[in-house]
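Below is one structure, written out as structure tokens, with a few remarks after it.
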Amino acid sequence: MINVIFPMAGEGSRFGYVFKPFLRLDDSTFIEKAIEPFVKHIDSINNFYFIVTKEQEERYSVKERMSRIFNVPFEVIIIPEKTEGPYQTIK
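Pasting the structure below:
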């Protein structure tokens, strides 16, 4: 079993500083498209982890919205503030 980690604590600067995971792409969101390739292997996945900042959780209600979007095992991990990039976020 593996865990899948999505560091989502970035500022979204390339998208006008909007929280990218919930931006709509056609009929779904960025985050739905991102997990799509993994869902077909759900039997091999222990858990999905989504890492966000405290500010993002407060502003976008990430945990609540994710629970409405996904029917897979997941946890939202909240870090105090933004990091220098995905590596630091995961670390």
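Residue numbers for the sequence shown follow my numbering, beginning at 2 and rising by one.
All residues carry an ideal CB built from backbone N, CA and C; glycine is no exception.
Because the structure is a prediction, the values reported are computed rather than measured.
So who's on the other strand from Arg15, going by DSSP bridges? Per DSSP, none; premise fails for Arg15.
Check the Cβ-Cβ distances between Ile36 and every residue of chain C, and say whether any is below 8 Å. In summary, chain C is missing from the structure at hand, where a single protein chain is found.
If the criterion is Cβ atoms closer than 8 Å, does the pair Phe20 and Tyr61 meet it? yes
Residues in its own chain within less than 8 Å of Glu58 by CB, not counting five upstream and five downstream? Lys64, Val77 and Ile79
Quick check: Ile91 and Glu33, are their CB atoms within less than 8 Å of each other? no
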